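In what follows, a single structure is set out as structure tokens and then discussed.
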Amino acid sequence: MDRGGAPGPARVRFADDLAAGLDEARLATVEAKVEADLARGAHRDAVETAAEYATANPTREGLHLSWMLALYRDGRQGDALAVYARLRGALLETLGVEPGQAAQRLQAAILRQDPALDVADGPRLVSTPGRPNRGATTTLVGVSTSHGGQLVDELGGVFTLTGNRVTIGREPDNDLVVPTARTSRHHAVLTLTPLGWLVGDQHSSNGTLLNSEPIETELLRDGDLLNIGGMLYRFVL
7 MDRGGAPGPA
17 RVRFADDLAA
27 GLDEARLATV
37 EAKVEADLAR
47 GAHRDAVETA
57 AEYATANPTR
67 EGLHLSWMLA
77 LYRDGRQGDA
87 LAVYARLRGA
97 LLETLGVEPG
107 QAAQRLQAAI
117 LRQDPALDVA
127 DGPRLVSTPG
137 RPNRGATTTL
147 VGVSTSHGGQ
157 LVDELGGVFT
167 LTGNRVTIGR
177 EPDNDLVVPT
187 ARTSRHHAVL
197 TLTPLGWLVG
207 DQHSSNGTLL
217 NSEPIETELL
227 RDGDLLNIGG
237 MLYRFVL
């Protein structure tokens, strides 16, 4: 038994894992706040929060996408495009990869001033039926909700995507529970954006696969095959 001195390797790993989990939970909360600010039309609040945390996490695409959208809705198209350039530079320097398709599509939409990026008829919240394990939720009317979407598993079971954020993982506090040994406690998250449903890996132990390719953040298309912990789900619009 370790009764003193430097902590053993197992204790250090446990502390590191706990810290990583807390950091991820904090960032997920920040992302949810930014999404809520965007939904209620508080674009400058969204800009301020997203700027702070995206700057501290230069390769986190979800935060940068929210930052870009908030800047654009605040009438700052040039600044929104600068954020994309900043994200691209960080990803290339750190990981040697280009931004994901979702970031590229958002950049293109900002360049052409796509009306889909605007808040329609003023921001408001409307109650919708509850989701499994989480009770009542809301759906964003200020953000396009015409995308719909379902996840269909290998046995034909259907999970309907509602609200603007759907969490996937092994623990029962997730919206969609995937009870396999290869599934992380909080494995992936789906976020409704003006361009459609965005899937992001939550630093899972086995990764999130989209059409057999590991991803960090990507935009879902009709018919895409999502692999979570060895379970296959087809995304259907």
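Going by the numbering used here, the first residue of the sequence shown is number 7, and it counts up by one from there. Glycine residues also receive a C-beta, built at the ideal position from the N, C-alpha and C atoms. Keep in mind it's a predicted model, so treat the numbers as computed, not measured.
*Anyone know if the C-beta pair for R92 and A76 falls short of 9 Å?*
Their beta carbons are not under 9 Å apart, which means R92 does not touch A76 by this criterion.
*asked:* Rounded to the nearest angstrom, what separates L216 and G235 at their Cα positions?
replied: 12 Å
*asked:* Can you give me the C-alpha to C-alpha distance between E233 and T166, rounded to a whole angstrom?
replied: The sequence shown places Asn at residue 233, rather than the Glu named in the question. If you take the alpha carbons of N233 and T166, they lie about 17 Å apart.
*Return the residue from the list L157, S190, G169 that minimises the CA-CA distance to P178.*
S190
*Is Q119 helix, strand or coil by DSSP?*
coil
*So, are the CB atoms of W73 and V103 less than 9 Å apart?*
In this structure, V103 does not lie closer than 9 Å to W73 by Cβ.
*Does Q208 have its Cβ less than 9 Å from a Cβ in chain B?*
Of the protein chains in this structure there is only one, and it is not chain B.
*What residues in its chain sit with their C-beta under 6 Å from that of A86, if we drop five residues either side in the sequence?*
Around A86: M74, L77, Y78, I116.
*Relative to the alpha-carbon of R176, which residue among T61, N212, E67 has its alpha-carbon at the smallest distance?*
With distances taken between CA atoms, R176 lies nearest to N212 out of T61, N212, E67.
*Candidates Q208, T197, N170, D159: closest to G229 by CA position*: D159
*So is S152 buried or exposed if we call it buried at 16+ other beta carbons inside 10 Å?*
Residue confidence is low: S152 scores 43 on pLDDT, short of 50, so the model does not pin down where it sits. No coordinate-derived value is stated.
*G95 versus A114: straight-line alpha-carbon distance, rounded*: 17 Å
*Could you spell out where the alpha helix (DSSP H) holding D207 opens and where it closes?*
Per DSSP, D207 belongs to no alpha helix (DSSP H); it is in the beta strand (DSSP E), 202-207.
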